[in-house]
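Numbering-wise (numbering that gives the first Met the number 0), the sequence shown opens with residue 0 and increments by one.
All residues carry an ideal CB built from backbone N, CA and C; glycine is no exception.
Written out below as structure tokens is the structure these notes cover.
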Amino acid sequence: MSARVQSIIAMGAGGLVVDIECHLSNNLPTIVIVGFANRSVGEARERIRGAFATSRIMLPRKRITVNLAPADIPKADSGFDLAIAMSIMLAGGQLEPGAVPADCAFIGELGLDGSVRPVRGIIGKLLAGRARGLATFYIPATNLKQARLVPNVRLQPVASLQELYVHLTGLAPIMAVKTGKGQYDIDAIDRTRMAAPLNLSEIAGQEQAKRALLIAAAGGHNVFLNGPPGTGKSMLAKALSSLLPPLSREEVLEVTQLHSLASLDYEKLVTERPFRAPHHSASQAAIIGGGQQLRPGEISLAHRGVLFLDELPEFERAAIEALRQPLEDRVISVARAKDTVEYPANFILVATANPCPCGYYAGAGTCACLPHQVKQYGRRLSGPILDRIDLSTPVHDVKYARLLRQAADPEHDVSLANQVSRARTLQARRFGRPDRLNSDMTNADIRRHGHLAAEAEATLNTAARNLK
């Protein structure tokens, strides 16, 4: 007696369809799971026993062998529980052979009480299954909110194993949710911010730095702010988010997919551009991704948003140098001995630095650093990293009297955001794609679209010659 159903395993930002094969034989009653399964998959034996007993479904008193194919790929996902349970029911005769359609997949973790628990990375799994021709997906009910972002699929939200069993026997069907041809209607989602954003008009002075941030927001450029403590570098970085346009439907899908891989909040939809600000003590794996399960790092969690590295020279040198590939290619390839995954990492980098260890070199304060300390501090950032940062601007001290007189100007902030929106609309028209910005231009794009005035070309040539 044998049966086969399908499930999906998370592979990086996507997924892989896995065949769950079950065979029953006359031997001592036990459950054996093979196919390069790790401990979390192997422990499904006990979860399935408890779920069957609680749901009052007879577990066949035979040797149950479950194979996860392809067997040469590591399996580290508790989301196979529901598919394994279905394959056992089909092989044991509790379900008719035609009860499970051929173009469906089962995703979900079982609790000992028979409940179906949510899993990570549901969006990537659905996209991978849809690409393989699957049309119907039995998923945990808790994952439904994120799953509805995926277009052109049929979702069957399941709360318990008993509910699924009754549905497949035809006694009490579960209401299916069909997603449309377009994306999920995110306009109806509550976009209320957790906290009011910091706007540029609230920051006193720093007109040159504000201009740099405006250009960065419009073209997706990276920015480096250099100046002594207390000049507002961190405030400027946080204010950049107020200039960026809202996420599109496609971007909401991308960003939510990445955050679902790293978060335990399975109902959360990320509808605002991410702002990630890791501490300078963060490890290389935390920044670029990795770990035992190869989860996305801060650069991928900042995808379509802002990555703020405050006091960049204080980060580990290995972590800083690891930014070379994502700053150039907008993706990060994390290679380990067991597996290799690729995550998107298209973000705006805002980095800050003090001019010296104490911070007051060439500033209003008194610098206590020796000359060689100042020189060594500047050498912590390599040329290749600085070359990938498009805009660099000093941030100077502001007179205290001006700080007290500074008042927010909401109309000015709205005007700046509108400038960014118009600039991005022009770029979308220029490149024929809404997700391409000036920072993504290749040499061919520059030759095709870069019709510079003679004065502008002369300025660029002079700057290149004098500043090398």
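Whose C-alpha, out of Gly449, Gln418, Thr351 and Tyr137, is nearest the C-alpha of glycine 231?
Selection Gly449, Gln418, Thr351 and Tyr137 evaluated against glycine 231 yields Thr351 as nearest (Cα-Cα).
Helix, strand or coil: how does DSSP classify proline 139 here?
DSSP, reduced to helix, strand and coil, places proline 139 within a strand of the structure shown.
Between the Cα of glutamate 45 and those of Ser6, Asp112 and Lys74, spot the shortest distance and give me the residue it belongs to.
Answer by Cα proximity: Asp112.
For the beta strand (DSSP E) that histidine 302 lies in, which residues bound it at each end?
It is not in any beta strand (DSSP E) - histidine 302 carries neither H nor E in the DSSP assignment.
I'd like the span of the alpha helix (DSSP H) that includes isoleucine 106, first residue to last.
Boundaries for isoleucine 106: no alpha helix (DSSP H) harbours it, and the DSSP string shows neither H nor E there.
Counting only runs of 4+ residues fully inside the segment 23–60, write out the alpha helix (DSSP H) ranges in chain order.
List check, alpha helix (DSSP H) in window: 38–41 and 43–53.
What does a CB cutoff of less than 8 Å around proline 409 pick up in its chain, not counting 5 residues either side in sequence?
Only Asn198 and Ser200 meet the Cβ criterion.
How long is the line joining the alpha carbons of glycine 358 and valine 222, rounded to whole angstroms?
The C-alpha of glycine 358 lies about 19 Å from the C-alpha of valine 222.
Between the C-alpha atoms of valine 330 and histidine 278, what's the straight-line distance to the nearest angstrom?
Each residue's Cα considered, the two are about 22 Å apart.
Collapsed DSSP secondary structure at serine 77 in the structure displayed
Residue state, collapsed to three classes: helix.
For leucine 380, which residues of its own chain have a beta-carbon under 8 Å away from its beta-carbon, when the five flanking residues on both sides are left out?
For leucine 380, where only same-chain residues beyond five positions count, the Cβ hits under 8 Å are Leu311, Pro312, Ile319 and Ala352.
Kindly indicate which residue of Ile19, Leu348, Ser299 and Val413 has the alpha-carbon position closest to the one of leucine 306.
By alpha-carbon distance to leucine 306, the top candidate from Ile19, Leu348, Ser299 and Val413 is Leu348.
As assigned by DSSP and simplified to three states, the class of alanine 175
Coil.
Within the segment 206–245, ranges of the alpha helix (DSSP H) (whole runs, at least 4 residues):
Segments of the alpha helix (DSSP H) lying fully in the segment 206–245: 206–218 and 232–238.
Report yes if the C-beta distance between proline 117 and proline 139 is below 7 Å; otherwise report no.
Going by C-beta atoms, proline 117 is nearer than 7 Å to proline 139.
Taking only the alpha-carbon atoms, compute the straight-line gap between serine 253 and proline 273 and give it to the nearest angstrom.
Checking the sequence shown, residue 253 turns out to be glutamate, not serine. Using only the alpha carbons, I get a separation of about 12 Å.
Every unbroken alpha helix (DSSP H) inside the segment 363–401 [4 residues or more]
Entirely contained in the segment 363–401, the alpha helix (DSSP H) runs reaching 4 residues are, in chain order, 370–377 and 382–386.
On the three-state DSSP scale, how would you describe glutamine 5?
Residue state, collapsed to three classes: strand.
Which residue comes first and which comes last in the beta strand (DSSP E) that contains glycine 155?
As written in the sequence, residue 155 is glutamine, which differs from the glycine given in the question. In the DSSP annotation of this structure, the continuous segment of the beta strand (DSSP E) that includes glutamine 155 starts and ends at 153–157.
Please confirm whether serine 39 and serine 86 have their CB atoms less than 7 Å apart.
Taking 7 Å as the Cβ cut-off, serine 39 and serine 86 do not qualify as a contacting pair.
Euclidean distance between Cα positions of arginine 335 and threonine 141
Distance between the alpha carbons of arginine 335 and threonine 141: 32 Å.
Which residues does DSSP list as the beta-bridge partners of serine 86?
In the DSSP assignment, serine 86 forms no beta bridge with any residue.
DSSP-derived helix/strand/coil call for aspartate 338:
It is coil, neither helix nor strand.
In chain order, what residues of the same chain lie with their CB nearer than 7 Å to the CB of cysteine 368, ignoring the 5 residues before and after it?
Closer than 7 Å at the Cβ level, and outside the excluded window around cysteine 368, lie Cys355, Pro356, Cys357 and Tyr360.
Taking DSSP as the reference, what is the three-state secondary structure of alanine 127?
The three-state secondary structure of alanine 127, taken from DSSP, is helix.
Backbone secondary structure at leucine 289 - three-state DSSP
First, the residue type needs correcting, since residue 289 is glycine and not leucine in the sequence shown. In this structure, glycine 289 counts as strand in the three-state DSSP scheme.
In chain order, what residues of the same chain lie with their CB nearer than 6 Å to the CB of alanine 422, ignoring the 5 residues before and after it?
Correct list, in chain order: Ala217.
I need the straight-line Cα distance from leucine 170 to methionine 10, nearest angstrom please.
In this structure, the CA atom of leucine 170 is about 36 Å from the CA atom of methionine 10.
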